[in-house]
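> Protein chains in written order, with the numbering used here: chain H, 27 to 257; chain Z, 27 to 257. For each residue, glycine too, the CB sits at the ideal point set by N, CA and C. Bear in mind the structure is a predicted one, so any value in this text is a computation, not a measurement.
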DNA sequence: CCGCCAGTTTGTTCGAGAGCAAAGTCGGAC
DNA sequence: GTCCGACTTTGCTCTCGAACAAACTGGCGG
């Protein structure tokens with residue numbers, strides 16, 4: 027249990043309607059923990075006994091197939107709730123959460139969920155809104171995966187990451203967390219080879235720049251065209 | 027607004043904890059409507075102003091890409107809530123719902139949702155449970171789509187339909203709603219040609235039987251093997 | 001009873017992208 | 001500085017399944 031400044035929470039959607047005293051209460055009940063890059067916060071299929079809020083860092087939500095292939099379902103940015111399976115009456119987490127960088131998260135035991143939704147106005151509403159957005163996003167990814175060619179899927183994946191956590195730099199917009207070719211291929215259901223070729227081609231075309239583990243989109247508009255156009 | 031027997035509702039998860047009087051109240055507020063096969067209950071992107079309960083029939087939940095390709099996200103069986111976007115604070119429905127056969131559904135205006143969850147114990151819990159199940163199912167489909175070859179995806183899709191709405195017959199287990207090769211290809215992101223070839227091969231192998239618009243799985247176990255094994 | 005059409009089957013061609021192989025390079029540990 | 005391992009690049013081959021084409025079939029409406 028850590029002593030945390032309530033200003034961390036009071037701007038976030040699920041908490042922004044609450045009073046200082048309520049926020050303090052919530053913090054009192056929370057456990058705060060640091061996760062090193064690469065470590066997992068919880069595993070796929072594990073007992074869903076807590077729910078979480080990411081304060082700092084970035085997470086990947088990952089599913090692994092029996093065959094050992096894995097795919098990245100989505101990324102979590104600071105300020106977002108995650109591991110909210112228990113809010114949906116799930117016994118287990120449907121996917122694992124892995125820290126992409128050193129990260130900091132709060133968590134509460136599941137039994138507090140009903141209390142939170144009952145006691146704090148707007149908490150339930152805002153949380154379910156998050157669920158709705160994720161559901162929509164996953165449906166979108168699914169359609170994309172089912173209908174689009176590899177090139178478009180990769181373009182869409184980059185755009186999604188840029189939109190969710192792009193940082194403006196001199197060169198363009200940089201994805202805020204480290205990401206390998208392998209990671210991108212795990213988001214798009216392709217191979218790191220293909221991703222590497224695509225990024226090389228786009229770099230030559232002046233659309234992206236990339237170094238090890240980092241990608242900057244220099245011409246977002248061109249990427250949008252790639253993700254939409256047919257030929 | 028139709029006069030409906032409350033016994034229709036009282037066994038369903040969202041309502042099973044309620045008293046007769048409450049169920050009657052809920053029915054009073056509902057609009058009941060019949061939909062012909064092929065018609066849509068609501069369109070993708072439409073204002074999400076009502077939520078629904080399928081009483082009879084089967085629905086496909088469909089997303090369409092800008093390019094005109096469409097994919098079937100999931101099927102809805104009698105007794106399930108659908109179009110519950112509003113419960114997740116969405117302004118619009120993220121996908122369309124189309125009747126696969128002549129169907130009957132109840133619906134209520136969105137403004138009753140908060141009332142229902144507040145007034146009827148277990149309603150919110152059970153509804154969000156449904157959301158959780160769908161989220162899990164879609165994630166599963168997504169991983170499948172991203173990692174598995176066409177043959178396995180089709181096998182999985184058949185198994186999912188059989189599990190959700192299989193009917194025992196002399197020959198095996200029949201999928202309870204009409205389904206074309208095209209439909210199956212829309213669930214698996216392939217073409218009707220490929221699905222046709224697969225079904226033919228499986229029929230020859232004694233695993234399935236199929237006529238126009240109908241599929242019966244005669245050897246479910248063999249299909250499970252196909253959906254799991256590697257070689 | 002016939003004709004039509006939606007749905008299905010089957011053949012053939014062809015290209016995207018997976019799989020395999022190998023070499024290059026950057027960054028951190030020591 | 002130098003070594004090592006994780007990440008990346010690039011070339012080549014080969015297969016799966018999409019795309020195109022065309023014929024067939026069964027059911028429904030007139």
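What whole-angstrom Cβ distance do residue 260 of chain H and residue 40 of chain H have, given they're in contact under 8 angstroms?
Summary: the structure shown does not reach residue 260 of chain H, with chain H confined to residues 27 through 257, and so no result is reported for it.
> Against chain Z, does residue 126 of chain H count as a neighbour if the rule is that its beta carbon must be under 8 angstroms from one of theirs?
So no, residue 126 of chain H is outside the interface.
> With a threshold of 8 angstroms between beta carbons, is residue 145 of chain Z in contact with chain H?
Answer no: the Cβ-Cβ gap between residue 145 of chain Z and chain H never drops below 8 angstroms.
> Within 10 angstroms of its Cβ, does residue 122 of chain H collect 16 or more other Cβ (buried), or is it exposed?
So residue 122 of chain H ends up on the buried side.
> When DSSP labels each residue in this structure, what does residue 239 of chain Z get in the three-state scheme?
If DSSP states are grouped into helix, strand and coil, residue 239 of chain Z belongs with coil.
> Below 8 angstroms on the Cβ atoms is my contact criterion, and I expect residue 102 of chain H with residue 84 of chain H to pass it. Report the Cβ-Cβ distance as a whole number of Å.
Residue 102 of chain H to residue 84 of chain H, Cβ: 7 angstroms. Contact.
> Taking the DSSP output, what are the residues bridged to residue 199 of chain H?
The partner list for residue 199 of chain H (beta bridge, DSSP) reads H:194 and H:243.
> Leaving aside the five residues before and after residue 218 of chain H along the sequence, list all residues of the same chain whose C-beta is less than 7 angstroms from its C-beta, in chain order.
So the qualifying residues of the chain are 207, 208 and 211.
> Please give the ranges of any beta strand (DSSP E) in the segment 93-117 of chain Z, keeping only runs that are unbroken, at least 3 residues long and fully inside the region.
Within the segment 93-117 of chain Z, the complete beta strand (DSSP E) runs of at least 3 residues are 96-102.
> State buried or exposed for residue 94 of chain Z, treating a residue as buried only when at least 16 other CB atoms are found within 10 Å of its CB.
Under this definition residue 94 of chain Z is an exposed residue.
> Who are residue 85 of chain Z's beta bridge partners in DSSP?
Answer is Z:102 and Z:125, bridged to residue 85 of chain Z.
> For the beta strand (DSSP E) containing residue 59 of chain Z, name the first residue and the last one.
Looking at the DSSP string, the run of the beta strand (DSSP E) that includes residue 59 of chain Z is 57-61.
> Could you confirm whether any beta carbon from chain H is found closer than 8 angstroms to the beta carbon of residue 95 of chain Z?
By this cut-off, residue 95 of chain Z is an interface position.
> Compare the C-alpha of residue 86 of chain H against each of H:247, H:56 and H:61 and name the closest.
Cα-wise, what sits closest to residue 86 of chain H is H:61.
> So residue 205 of chain Z is in the alpha helix (DSSP H); what residue range does that whole segment cover?
Per DSSP, residue 205 of chain Z belongs to no alpha helix (DSSP H) and is neither H nor E.
> Do you know offhand how far residue 58 of chain H's Cα is from residue 88 of chain H's?
Straight-line Cα distance between these residues: approximately 22 angstroms.
> Taking Cβ positions only, does residue 67 of chain Z come closer than 8 angstroms to chain H?
Chain H, which has no Cβ nearer than 8 angstroms to the Cβ of residue 67 of chain Z, makes this no.
> Can you tell me the Cα-Cα spacing of residue 28 of chain Z and residue 77 of chain Z, whole angstroms?
At residue 28 of chain Z, the pLDDT of 44 sits below 50, so the modelled position is not reliable; the number obtained from the coordinates is stated separately. Roughly 17 angstroms separates the two Cα atoms.
> Any beta carbon from chain Z within less than 8 angstroms of residue 164 of chain H's own beta carbon?
Judged by the 8 angstroms Cβ criterion, residue 164 of chain H is in contact with chain Z.
> From the DSSP output, which residues share a beta bridge with residue 173 of chain H?
Bridge partners of residue 173 of chain H: none, in fact.
> With a threshold of 7 angstroms on Cβ separation, who are the neighbours of residue 91 of chain H within its own chain once the five nearest residues in sequence on each side are excluded?
Closer than 7 angstroms at the Cβ level, and outside the excluded window around residue 91 of chain H, lies no residue.
> State buried or exposed for residue 42 of chain H, treating a residue as buried only when at least 16 other CB atoms are found within 10 Å of its CB.
Classification of residue 42 of chain H: exposed, given that the 10 Å Cβ count is below 16.
> Distance check for residue 46 of chain Z and residue 37 of chain Z, CA to CA, integer angstroms please.
Those two C-alpha atoms are separated by around 11 angstroms.
> On the three-state DSSP scale, how would you describe residue 157 of chain H?
Correct three-state label for residue 157 of chain H: helix.
> If you draw a straight line from the C-alpha of residue 99 of chain Z to the C-alpha of residue 50 of chain H, how long is it?
Rounded to whole angstroms, residue 99 of chain Z to residue 50 of chain H spans 42 angstroms at the Cα level.
> So, are the CB atoms of residue 131 of chain Z and residue 67 of chain Z less than 8 angstroms apart?
Yes; because the gap between Cβ atoms is below 8 angstroms, this pair is in contact.
> Taking contact to mean at least 3 C-beta pairs separated by less than 8 angstroms, is the segment 192-204 of chain H in contact with the segment 160-171 of chain H?
Segments in contact, no.
> How far does the alpha helix (DSSP H) with residue 33 of chain Z in it extend, from its first residue to its last?
Run containing residue 33 of chain Z: none; DSSP gives neither H nor E here.
> Classify residue 81 of chain H as buried or exposed, calling it buried when 16 or more other Cβ atoms lie within 10 Å of its own Cβ.
Classification of residue 81 of chain H: buried, given that the 10 Å Cβ count is 16 or more.
> Between the segment 163-171 of chain H and the segment 224-236 of chain H, do at least 3 Cβ pairs fall closer than 8 angstroms?
Cβ pair count under 8 angstroms is below three, so no.
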